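S.K.:
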Amino acid sequence: MSSIEPFHVMDILARARQLESQGRHIVHMEVGEPDFVTLPGIVDAGRQALADGKVHYTPATGLVELREAISAWYLREYDEVVPMERIVVTPGASGALQLALGVTVNPGDGVLIADPGYPCNRHMVAMYGAEIHGIPVDETSNFQLNLDLIRQHWQSNSRAVMLASPSNPTGTLIEPAELGRICDFVKQQQGVVIVDEIYHGLIYQGDVISAVGAGDNVIVINSFSKYFGMTGWRLGWLVAPYELINPIDRLAQNIFLAPATPSQYAALVALSESLKPALDERRNQFQQRRDYLLPAIRELGFETPCKPQGAFYLYARSTALAGDSMALCRDLLEQAGVAITPGVDFGNNHSNDFVRFAYTTGMDELKTGVSAIRQYLS
Ligand SMILES: Cc1ncc(COP(=O)(O)O)c(C=O)c1O
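For the sequence shown, the residue numbers in our numbering are 4 to 381.
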């Protein structure tokens, strides 16, 4: 437990709520989930499942219909054939990551991750007694791992590489060709690549390919949380090589028993083609927000060396404005009424020089936030 850290942004959030209860208006740009509520068609399906008494456990790997629907979705969206037998439905991407690591690493194994990166990964690796090898990344590799970095840091105990494309906190993508090279190299070393595609569907430019076709040593993670707008329904999935499905099933039976049943019925509707236009419209709104916020924060003096291609985050260097980004976040909250996330939540790599803006609030709020920051800085 001593290595499991809390999110520092939770302190910011708690203080923001306190200020709000005192009547202050706070612009929330720290929240890592869509502000949109779940689409009505999906909600109706969840409600109907409850009304129909669909409240019992499903198989630990999820409803067969949902696994089939995810398989059909891969064919439709990516032209990839993914047999439903390779798909396991999980309690969010969080559940999928726990299962993927559980069947991959042993105590003492090394896991390579990008720093900055999604904070829970290093803590989940620690939960299994494995060692995290955080590799500093910056604009020279689009804030992603690449083959050179992985080759350079691969050690005798290395067992897995965790990638996220688009990444949290940077929103950058891994080039398809680079992903292929990474998977080939790791396979030669008898290692596994875990690719988190939770922000797929929220990609604004660049080639969209899924790693499901990248090799038989690849586990792909995805979720209904972000693009499908279902964070609180706690549902995700993974795609794994055949030989890992039985161990994953056994582990899932023991850790989770099953993913939430009404959520699975709702997710069947989320995947239907008829909802795609409404979901894509939300993606367009995120893109408009990014296109507004990126130049706006650059004009304020934040430096964003890479244009984020997806997700809903801007990872910005704040050194021109403050020496310590945590102190800047506190000041912005207290004095400008704007909540953002300090870089320290995402690793140790110059994290005091960075902050993360999440554009998970409406355009008017973003504009209010930018002018409040401008006023504070001047
Ligand atoms: C990169 C990444 N992976 C996984 C998760 C966990 O998502 P879920 O809600 O599906 O458990 C998040 C949540 O923010 C994330 O940013």
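Beta carbons: idealized from backbone N, C-alpha and C, even for Gly.
Here the structure is a predicted model, which means the values were calculated and not measured.
How would you label Ile-7, buried or exposed, when you count the other beta carbons within 10 angstroms and need 16 or more for buried?
M.R.: Translated into positions along the sequence shown, residue 7 becomes position 4. Exposed: under 16 other Cβ atoms inside 10 Å.
S.K.: I'd like the span of the alpha helix (DSSP H) that includes Leu-42, first residue to last.
M.R.: Within the sequence shown, the letter at position 39 stands for residue 42. Counting along the chain, no alpha helix (DSSP H) covers Leu-42, and no H or E run does either.
S.K.: Within the same chain, show all residues whose beta-carbon is closer than 8 Å to that of Val-164, passing over the 5 residues directly before and after it, in chain order.
M.R.: Locating residue 164 in the sequence shown gives position 161, counting from the first residue. Taking C-beta separations shorter than 8 Å and ignoring five residues to either side along the sequence, the partners of Val-164 in its chain run Val-114, Leu-115, Ile-116, Leu-148, Ile-153, Ile-185, Val-189, Gly-194, Val-195, Val-196, Ile-197, following chain order.
S.K.: Confirm, please, whether the CB-CB distance from Ile-138 to Arg-125 is below 8 Å.
M.R.: As a working mapping, residue 125 is identified with position 122 in the sequence shown. As a working mapping, residue 138 is identified with position 135 in the sequence shown. For Arg-125 and Ile-138, no; Cβs fall outside 8 Å.
S.K.: Taking all protein chains shown into account, decide if Glu-276 is buried (16 or more other Cβ within 10 angstroms of its Cβ) or exposed.
M.R.: As a position in the sequence shown, residue 276 is number 273, starting the count at 1. So Glu-276 ends up on the exposed side.
S.K.: Within the same chain, show all residues whose beta-carbon is closer than 6 Å to that of Asp-38, passing over the 5 residues directly before and after it, in chain order.
M.R.: Within the sequence shown, numbered from 1, the residue matching residue 38 stands at position 35. Counting only Cβ-Cβ distances below 6 Å, and skipping sequence neighbours, we find Thr-363, Thr-364.
S.K.: So which residues put a beta carbon under 6 Å from any heavy atom of ligand 1, going in chain order?
M.R.: Gly-35, Gly-95, Ala-96, Ser-97, Tyr-121, Ala-167, Asn-171, Asp-199, Ile-201, Ser-226, Ser-228, Thr-234, Gly-239
S.K.: Based on DSSP bridge pairs, tell me the residues matched to Ala-342.
M.R.: Locating residue 342 in the sequence shown gives position 339, where the first residue counts as 1. Answer is His-31, bridged to Ala-342.
S.K.: For Gly-350, which residues of its own chain have a beta-carbon under 7 Å away from its beta-carbon, when the five flanking residues on both sides are left out?
M.R.: Stepping through the sequence shown from its first residue, residue 350 is reached at position 347. Asp-118, Pro-119, Gly-120, Gly-137, listed in sequence order.
S.K.: Tell me where the beta strand (DSSP E) around Pro-139 begins and ends.
M.R.: Reading the sequence shown from its first residue, position 136 is the one you call residue 139. Residues 134-139.
S.K.: Suppose only complete runs of 4+ residues qualify. What are the alpha helix (DSSP H) ranges in the segment 79-163, listed by chain order?
M.R.: 95-105, 122-130, 150-156
S.K.: How far does the beta strand (DSSP E) with Asp-199 in it reach, from first residue to last?
M.R.: Position 196 of the sequence shown, counted from the first residue, corresponds to residue 199. Counting along the chain, Asp-199 sits inside the beta strand (DSSP E) bounded by residues 195-199.
S.K.: With three or more beta-carbon pairs closer than 8 Å as the criterion, would you say the segment 260-277 touches the segment 336-355?
M.R.: no
S.K.: Going straight from the alpha carbon of Gly-95 to that of Ala-255, what length do you get?
M.R.: Here residue 95 refers to the residue found at position 92 of the sequence shown. Here residue 255 refers to the residue found at position 252 of the sequence shown. Approximately 13 Å, taken between the alpha carbons.
S.K.: Got a sec? Which residues, its chain only, sit under 8 Å from Ala-330 by beta carbon, not counting five neighbours each side?
M.R.: Reading the sequence shown from its first residue, position 327 is the one you call residue 330. Excluding sequence neighbours, Ala-330 sits near nothing in its chain.
S.K.: Starting from Leu-241, follow the beta strand (DSSP E) in both directions and report where the run begins and ends.
M.R.: In the sequence shown, residue 241 corresponds to position 238, counting from 1. Where Leu-241 is concerned, the enclosing beta strand (DSSP E) stretches over 239-242.
S.K.: Per DSSP, what are the beta-bridge partners of Asn-225 in this structure?
M.R.: Numbered from its first residue, the sequence shown carries residue 225 at position 222. Trp-240, per the DSSP bridge assignment.
S.K.: Buried or exposed for Pro-9, going by 16 or more other Cβ atoms inside 10 Å?
M.R.: Taking the first residue of the sequence shown as 1, we reach residue 9 at position 6. Answer is exposed; the Cβ neighbour count stays below 16.
S.K.: With a threshold of 7 Å, establish whether the CB of Thr-175 neighbours any heavy atom of ligand 3.
M.R.: The ligand content of the structure shown is limited to ligand 1, which means ligand 3 is not among them.
S.K.: Apart from the five residues on each side of it in sequence, which residues of its chain come closer than 7 Å, Cβ to Cβ, to Phe-289?
M.R.: Taking the sequence shown and counting its residues from 1, the one referred to as residue 289 is at position 286. In its chain, beyond the 5 residues on either side, Leu-205, Phe-315, Tyr-362 have a beta carbon closer than 7 Å to the beta carbon of Phe-289.
S.K.: Grab me the residues of Pro-244's own chain with a C-beta within less than 8 Å of its C-beta, minus the 5 sequence neighbours each way, in chain order.
M.R.: Taking the sequence shown and counting its residues from 1, one reaches residue 244 at position 241. Excluding positions up to five away in sequence, the list reads Arg-89, Asp-219, Asn-220, Val-221, Ile-222.
S.K.: Ignore the nearest five residues each way along the sequence and tell me which others in Ala-339's own chain have a CB closer than 6 Å to its CB.
M.R.: Counting from 1 along the sequence shown, the entry for residue 339 is found at position 336. If we look at Ala-339 and ignore the five residues flanking it on each side, its Cβ neighbours are Ala-375, Ile-376, Tyr-379.
S.K.: Could you check the C-alpha separation between Ser-328 and Phe-231 for me, to the nearest Å?
M.R.: Here residue 328 is taken as the residue at index 325 of the sequence shown, counted from 1. Here residue 231 is taken as the residue at index 228 of the sequence shown, counted from 1. Cα to Cα, Ser-328 sits roughly 32 Å from Phe-231.
S.K.: Within 10 Å of its beta-carbon, does Asp-348 have 16 or more other beta-carbons around it, so buried, or fewer, so exposed?
M.R.: Along the sequence shown, read from residue 1 onward, the residue named residue 348 stands at position 345. Its Cβ being crowded by 16 or more others within 10 Å, Asp-348 is buried.
S.K.: Can you give the Cα-Cα distance for Gly-174 and Asp-367, rounded to whole angstroms?
M.R.: The residue given as residue 174 occupies position 171 in the sequence shown. The residue given as residue 367 occupies position 364 in the sequence shown. Answer to the nearest angstrom: the Cα atoms are 22 Å apart.
S.K.: Chain B beta carbons: is any one of them nearer than 8 Å to that of Ala-323?
M.R.: No chain B is present in this structure, which holds just one protein chain.
S.K.: Answer yes if the segment 75-94 comes into contact with the segment 245-252, meaning at least three C-beta pairs across the two stretches below 8 Å, and no otherwise.
M.R.: yes
S.K.: Can you tell me the Cα-Cα spacing of Glu-284 and Gln-291, whole angstroms?
M.R.: Residue mapping note: residue 284 aligns to position 281 of the sequence shown, counting from 1. Residue mapping note: residue 291 aligns to position 288 of the sequence shown, counting from 1. Taking the CA atoms as reference points, Glu-284 sits about 11 Å from Gln-291.
S.K.: What's the gap between the Cα of Lys-370 and the Cα of Val-40?
M.R.: In the sequence shown, counting from the first residue as 1, residue 370 sits at position 367. In the sequence shown, counting from the first residue as 1, residue 40 sits at position 37. Between Lys-370 and Val-40, the C-alpha separation is close to 21 Å.
S.K.: Given Pro-280, which residues of its chain have a CB within under 7 Å of its CB, disregarding the five upstream and five downstream residues?
M.R.: By 1-based counting over the sequence shown, the position of residue 280 is 277. For Pro-280, where only same-chain residues beyond five positions count, there are no Cβ hits under 7 Å.
S.K.: Evaluate Met-13 with the Cβ neighbour count: other Cβ atoms within 10 Å of its Cβ, from every protein chain shown; 16 or more gives buried, anything less gives exposed.
M.R.: For this step, residue 13 is matched to residue 10 along the sequence shown. Looking at its Cβ environment, which holds fewer than 16 other Cβ atoms inside 10 Å, Met-13 is exposed.
S.K.: Sorted by chain position, which residues of the same chain lie with C-beta nearer than 7 Å to Arg-301's C-beta, five sequence neighbours on each side aside?
M.R.: Counted from its first residue, the sequence shown places residue 301 at position 298. Hits under 7 Å: Thr-307.
S.K.: Which residue's Cα is closest to the Cα of Leu-241: Leu-182, Arg-50, Ala-99?
M.R.: The residue you call residue 241 lines up with position 238 of the sequence shown. Looking at the Cα atoms, Ala-99 is the closest of the given residues.
S.K.: So what does DSSP say about Met-165, is it helix, strand or coil?
M.R.: Here residue 165 is taken as the residue at index 162 of the sequence shown, counted from 1. Strand, per DSSP.
S.K.: Using the rule of at least 16 other Cβ atoms within 10 Å of the residue's Cβ for burial, across every protein chain shown, is Leu-260 buried or exposed?
M.R.: As a first step, residue 260 is located in the sequence shown; it is residue number 257 there, counting from the start. Exposed, because fewer than 16 other Cβ atoms sit within 10 Å of the Cβ of Leu-260.
S.K.: Taking just the CA atoms, how far does Gly-235 sit from Gly-35?
M.R.: The residue labelled residue 35 in the question sits at position 32 within the sequence shown. The residue labelled residue 235 in the question sits at position 232 within the sequence shown. Taking the straight line joining both Cα atoms gives about 12 Å.
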